[in-house]
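Residue numbers (my numbering), protein chains in the order written: chain A, 2 to 114; chain B, 0 to 379. Yeah, the Cβ is synthetic: ideal placement off N, Cα and C, and Gly gets one too.
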C-alpha cells in the first residue's frame, strides 16, 4: 500500500556490454532514445520497432516492451531475452549486451590487423 | 505559449463534438459535419502560405504536454463511439418512422425523427469526421503500448484495424518501395490507390500474422491472430447499425467505412505520391511535407511526414520542418486537387520534376526516368 505513495523514480541505469558503458534512462523513454541522446552509437534504422536493427540481449533487469517483439525476432531470440531497444522502456536498472557501432568498428580493425 | 501550443490541436475534437451535436439535434444541423469540412477546405486554402516551425523554449524543450495530448487522443475513442451511436439512434428513428416533432433532452432542444435529407446529412457528417479521426489512430500506433491498442480500436470503428500493424511493420519499413502498398507510384490516381492501398495493407497484416503464428507453431485461427481480432473489433459497429437500421444501417455503415478509409488513403496518397527509395535508410526526401498552418494544427502535424518518417518515435508536437520536399499547400486544398486526377497530375508534375532534379539520388533518378516513360503520359 505504501508503495503507492513512494516517489516516482527519476530513472534507471542501463549498463551496456561489452563496451561497459552506462546510460541514464528516464521513465517513459526508450532505451534507444536514451542511448542515442547520450551519444552512444547504438545500431538502429526505423526507430518504430519494425526493422530489428536495434536488437539487444537483456542480461539482467526488467523491461516493458511497447510492441510484440515476436513480429521481428525469432521465437528462440525472444526466449533468450533479446528485445528491440526502440520499443523497450525500463522497469528496473538493467544490464544489456549489444554490438554497438564502436564495438563493430573495433572488431573490423582487429580483423584487418 | 504552453497553453497555445497545446490547445491549438483541439480543432478536430471540438468540431467532432459539434458534428455529434448537429446529428443529435437534427434538422438542418445534421449537415454540420459536411459544412465544417467545406469550411476547413476554405480555411486551409486561405492560410496556405503560412508555414510555422515547431515551438521550443530557450533550452530546446517542447511546450507540448504529453499527458494532456495523450489524454485528448485517448478521449477521441469514446467520442468516435458516440458519433456512431448518435447516427445509429437517428437510423432507428428513421426506420421506425418516428414522427418529426420537437423534444427536450437534458435541457437540449432537439428534433425527434428525421427526413431522408437529414439522414443523408447525418451519415455524410459522421463518415467525414470518422475519416478525419483516423489521424489519432495513426499517431497512437507509435510510441506507447496502450496507445497501440487504442489505435486498433479507433481504426476498427472504420473497419480498418489492420492499419495499425501495416503502418508500423510495412509502411515505415518499406516506404517509397514497391513493397509498400501505402506509397502511390507515379501515374496512379487517388481512387485506385484507396482500394489498392487498403487491400494491400490488409494482405500484409494477414501475412504478418500467418508468419508469426507459423514460427510459434500455432494455428492461423488462434486468439493471437491480430488480423482476425482486428476485424472482430469492428463487430460492435456492425451489430449496432444492423440492429438500428437493418439494410439501411448496413448502407450507412458502408458509407462511413468507405469514406473514412478513402480519406485515410488520400492522406497516404498525398504523403508519398511518386517518391522512390532505392534501398538504404528512409530519408527526408522520401516524403512530401504538407505543413501550412491550418493543416498542421488540424491534422496534429501528420503533414510533417519528412520528419515523422525519419524520427518515427517523435511526438507530433515536436515534429518540425526539415527542408524536405514540400507541396507548399495544405492537405484540404491538395485533397480537392486529387479528386480530379488530371488536375492533380498537372499540379504534381512540377513538384516531381523538382524532386527528380534536386532530391533523388542517381539510382532513384534512373528509376524515376524509367517510371516516367512507363506512366504513358500521365506524369512527365
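DSSP places residue 214/B outside any beta strand (DSSP E); the residue lies instead in the alpha helix (DSSP H), whose first and last residues are 189-214.
Linking residue 86/A to residue 25/B through their CA atoms gives a straight-line distance of about 51 Å.
Chain-ordered listing is empty here: chain B has no CB closer than 8 Å to the CB of residue 28/A, the nearest sitting near 12 Å. The C-beta distance from residue 355/B to residue 367/B rounds to 5 Å, short enough to meet the 8 Å contact threshold. Secondary structure note for residue 239/B: its alpha helix (DSSP H) is the uninterrupted segment 234-271. Below 8 Å, enough C-beta pairs join the stretch 58-77 of chain B and the stretch 8-16 of chain B to call them touching: three or more. Distance between residue 38/B and residue 32/A, taken at the CA atoms: about 44 Å. Where residue 12/B is concerned, the enclosing alpha helix (DSSP H) starts and stops at 10-24. If you draw a straight line from the Cα of residue 132/B to the Cα of residue 39/A, it is about 36 Å long. Shown here, residue 31/A sits in a strand according to DSSP, grouped into three states. Residue 57/A sits in a strand when the DSSP states are folded into three classes. Distance from the CA of residue 50/B to the CA of residue 277/B, rounded to the nearest whole angstrom, comes to 30 Å. Look at the stretch 37-65 of chain A: the residues with a C-beta under 8 Å from a C-beta of chain B are 46, 47, 48, 49, 50, 51, 52 and 65. Residue 95/A places its beta carbon less than 7 Å from that of residue 62/A. Comparing alpha-carbon positions, the option among 280/B, 275/B, 331/B and 273/B lying closest to residue 301/B turns out to be 331/B. Residue 194/B is classed as exposed because its beta carbon has fewer than 16 other beta carbons within 10 Å across all chains shown. Note on residue 361/B: under 16 other CB atoms within 10 angstroms of its CB, so exposed under the neighbour-count rule.
Using a Cβ-Cβ cut-off of 7 Å, residue 101/A is close to nothing in chain B; its nearest Cβ partner there is about 18 Å away.
Residue 203/B sits close to residue 165/B, with the two beta carbons spaced by under 7 Å. In the DSSP assignment, residue 77/B falls within the alpha helix (DSSP H) that extends over 65-94.
At least 7 Å separates the CB of residue 285/B from every CB of chain A.
Apart from the 5 residues on each side of it in sequence, residue 67/A sits with its Cβ closer than 8 Å to the Cβ of 31, 50, 88, 89 and 90 in its chain, given in chain order.
Note that the C-beta distance between residue 54/B and residue 293/B is not below 7 Å.
Residues of the stretch 79-95 of chain A that bring their beta carbon within less than 7 Å of a beta carbon in chain B comprise 87, in sequence order.
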